[in-house]
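Student: Chains as they are written, first to last, in the numbering used here: chain A, 1 to 291; chain B, 1001 to 1140.
Think of the CB as a built atom: it goes at the ideal place given N, C-alpha and C, for glycine as much as any other residue.
Computed from a predicted model, the values in this text were never measured in an experiment.
First the structure, then my questions, so here it is.
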Amino acid sequence: MPSTQALKGRIRSVKSTKQITKAMQLVAASKMRRAQEATKASAPYTAAARELLANLSRHTSVKGHPLFTQRAVKNRLLVVIASDKGLAGAFNSNLTRLYANELIADDKSGVKNTTITVGRKAAHFVARIKDTDVRGSYQDLPDHPDGSELYAILDTARDLFTSGEVDAVDIIYTEYISSVVQRATVQRVLPAGDGVLESDASPTPQDATYEPSAEEVLDGVAYRLVSAQLYQALLDSRASEYSMRMMAMKNATDNATDLIDDLTLEMNKARQSAITQELAEISGGVEAMHE
Amino acid sequence: MHLQLITLSGVSVDKDIYELMAPTAAGDIAVFPGHEPLVTLAAPGALAVRANKGDKDEALDYFAISGGVIEIKPDSIRVLVDEADQGDDIVEAESKAALERALKLRDEAKDQVELEKAHQLIDRHTVRLRVAELTRRRRR
């Protein structure tokens, strides 16, 4: 049995670890709440944007628009959104697994791909892979991405798409469903309106009027609506990251508590047996003196 | 007629209304129930909402909106803009100060990017100020 001293040391170290994980849990919880609000607030906008894009994409005059052009996919761009920091449970591994699966699928079907990474963890993962062409990597994005980063990513994506270098743009991110359920997903953003379920589109009469003209409406909104989707993906990823980090840290704290309980029990046992032994020795000594 | 005013920071209006006056790329339009289906570009400006038939002009609700898109169906309207501020929430003095700052920014702009940014700010605050004024006048 280990000595009382050694056990005391271990308890102390587990306790300080627990303090750290507890603090990280609280930080993640408060950040999660804010991120959750942000992603919930912009969700109706994104949903409406998606519906509108779906409606627009079925409009006949759309076909010629550069952001709506459907081509056979020979080369696609993947925007991988991971986190900058680890210790968030399976957040990054779920995401990179999905990304790796997409790469394998592309390999099989002979599709080339290009990658833009968001977050240090995604950059590290991609650096170890040879068969994708990395176009950009963004790190330390704020919780509320403002225009600059968003448009930097989007402009690259749009230029690659309109120049014909890639035929589709997909975002790989973690969809925030609730604080306990998050799912790594692939979403197609370009060509616009693609990958949108038929059910997303409301039965708008096809003969709706466009003012000043369908082309001008498209020019004015397509880019904006596509950007809303990327914005939402960034917010969702953040909210998911914080939720998963909070859960991971909560588990770590709970485990530390269990460990401390076990160790304390063991230490008490060790102390008690030391006392018992000492008493036995003393009474043994007394017995010996009597004789 | 149901109106939804959706912005990046949430749904700011979701209710039944009688009339909507909106600035669009092709000029101001007024929409009443039974309007033909229309999709149009919203221009930055003041959006006015009449809640009930017979409401006086004094009872209009004003919103300062940025650019976006307006989707009209006979029984519903959906306005999708980046941001919308209700007239009551805009503090006029603040907007005025912000506008002055933006004007100064424009005069001191060194390159095209800064100038562009300043112009955007000026447009935004001019609209906000106008909406605040409209709302104030209404209350009198």
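Report buried or exposed for residue 290/A, applying the criterion of at least 16 other Cβ atoms within 10 angstroms of its Cβ.
Tutor: exposed
Student: Go through its chain and collect everything with a Cβ distance to residue 1014/B's Cβ below 6 Å, but skip five positions before and after it.
Tutor: Same-chain partners within the cutoff: 1004.
Student: Does the separation of the CB atoms of residue 99/A and residue 118/A fall below 7 Å?
Tutor: no
Student: Leaving out five residues on either side along the sequence, give the residues of the same chain with a beta carbon under 8 Å from the beta carbon of residue 1068/B.
Tutor: If we look at residue 1068/B and ignore the five residues flanking it on each side, its Cβ neighbours are 1041, 1042, 1079, 1080, 1081 and 1082.
Student: Note down the Cα distance separating residue 86/A from residue 247/A, rounded to an integer number of angstroms.
Tutor: 13 Å
Student: Spell out the partners DSSP gives residue 1021/B in its beta bridges.
Tutor: BP columns for residue 1021/B point to 1030/B and 1048/B.
Student: Name the chain B residues that come within less than 7 Å of residue 369/A, Cβ to Cβ?
Tutor: Residue 369/A is absent from the model: chain A starts at 1 and stops at 291.
Student: Beta-carbon separation of residue 21/A and residue 253/A under 7 Å?
Tutor: yes
Student: Would you say residue 176/A lies against chain B (beta-carbon separation less than 7 Å)?
Tutor: no
Student: Determine the direct distance from the alpha carbon of residue 38/A to that of residue 1007/B, and round the result to whole angstroms.
Tutor: 12 Å
Student: Hey, could you find the ends of the beta strand (DSSP E) residue 1005/B is sitting in?
Tutor: 1002–1007
Student: With distances taken Cα to Cα, identify the nearest neighbour of residue 1102/B among 1089/B, 1090/B, 1091/B and 1116/B.
Tutor: It is 1116/B.
Student: Could you pull out every residue in the same chain whose Cβ sits closer than 7 Å to the Cβ of residue 200/A, ignoring the five residues on either side in sequence?
Tutor: Note that residue 200/A scores 49 on pLDDT, short of 50, meaning its location in the model is unreliable; the coordinates nonetheless yield the value given after this. 50, 51 and 54.
Student: By Cβ distance, which residues of its chain are closer than 7 Å to residue 69/A, with the 5 residues on each side in sequence left out?
Tutor: 191
Student: Please identify the residue among 1109/B, 1063/B and 1071/B whose C-alpha is closest to the C-alpha of residue 1133/B.
Tutor: 1063/B
Student: By the three-class DSSP mapping on this structure, what secondary structure does residue 90/A have?
Tutor: coil
Student: Relative to the C-alpha of residue 78/A, which residue among 111/A, 178/A, 228/A and 89/A is closest?
Tutor: 111/A
Student: Run down chain A in chain order and give the residues with a C-beta less than 8 Å from the C-beta of residue 1008/B.
Tutor: 41, 42, 45, 228 and 231
Student: Less than 7 Å between CB atoms is the rule here; does residue 1069/B satisfy it with respect to chain A?
Tutor: Yes, residue 1069/B lies at the interface with chain A (some Cβ there is under 7 Å from its Cβ).
Student: Tell me which residue opens and which closes the beta strand (DSSP E) that residue 54/A is part of.
Tutor: No beta strand (DSSP E) holds residue 54/A; the alpha helix (DSSP H) holding it covers 4–57.
Student: Measure the C-alpha to C-alpha separation of residue 197/A and residue 1011/B and round it to an integer number of angstroms.
Tutor: Unreliable placement is indicated for residue 197/A, whose pLDDT of 48 sits below 50; the coordinate value is still reported in the next sentence. Residue 197/A and residue 1011/B have their C-alpha atoms some 23 Å from each other.
Student: Contact criterion: CB-CB distance below 7 Å. Does residue 1080/B meet it with respect to chain A?
Tutor: It does; some Cβ of chain A falls within 7 Å.
Student: Just the C-alpha distance for residue 1137/B and residue 1093/B, rounded to the nearest angstrom, thanks.
Tutor: 15 Å
Student: Determine contact between the segment 1084–1100 of chain B and the segment 230–241 of chain A, defined as no fewer than three beta-carbon pairs at a distance below 8 Å.
Tutor: No, because fewer than three Cβ pairs between the segment 1084–1100 of chain B and the segment 230–241 of chain A fall closer than 8 Å, the two stretches do not touch.
Student: Between the alpha carbons of residue 235/A and residue 150/A, how many angstroms are there, rounded?
Tutor: 11 Å
Student: CB-CB under 6 Å to residue 94/A, same chain, minus the five flanking residues each way: which ones, in chain order?
Tutor: 184
Student: Specify, as a first and last residue, the run of the alpha helix (DSSP H) that residue 120/A falls within.
Tutor: Secondary structure note for residue 120/A: its alpha helix (DSSP H) is the uninterrupted segment 120–127.
Student: At a Cβ threshold of 7 Å, is residue 1031/B touching chain A?
Tutor: no
Student: What residues in its chain sit with their C-beta under 6 Å from that of residue 65/A, if we drop five residues either side in the sequence?
Tutor: 218
Student: Can you give the Cα-Cα distance for residue 44/A and residue 1049/B, rounded to whole angstroms?
Tutor: 21 Å
Student: Are residue 157/A and residue 73/A closer than 7 Å when you measure CB to CB?
Tutor: no
Student: Using the rule of at least 16 other Cβ atoms within 10 Å of the residue's Cβ for burial, across every protein chain shown, is residue 67/A buried or exposed?
Tutor: Answer is buried; the Cβ neighbour count reaches 16.
Student: Nearest to residue 208/A by alpha carbon, out of 1070/B, 1095/B, 1119/B and 1099/B?
Tutor: 1070/B
Student: Here's a check: name, in chain order, each residue in its chain whose Cβ is nearer than 8 Å to the Cβ of residue 97/A, leaving out the five neighbours to either side.
Tutor: In chain order, 184 place their CB closer than 8 Å to the CB of residue 97/A, counting only its own chain and leaving out the 5 sequence neighbours on each side.
Student: When Cβ atoms are compared, which residues of the segment 1082–1102 of chain B fall closer than 8 Å to chain A?
Tutor: The segment 1082–1102 of chain B vs chain A, Cβ under 8 Å: 1082.
Student: Can you say whether residue 283/A is buried or exposed, counting buried as having 16 or more other CB atoms within 10 angstroms of its CB?
Tutor: Exposed: under 16 other Cβ atoms inside 10 Å.
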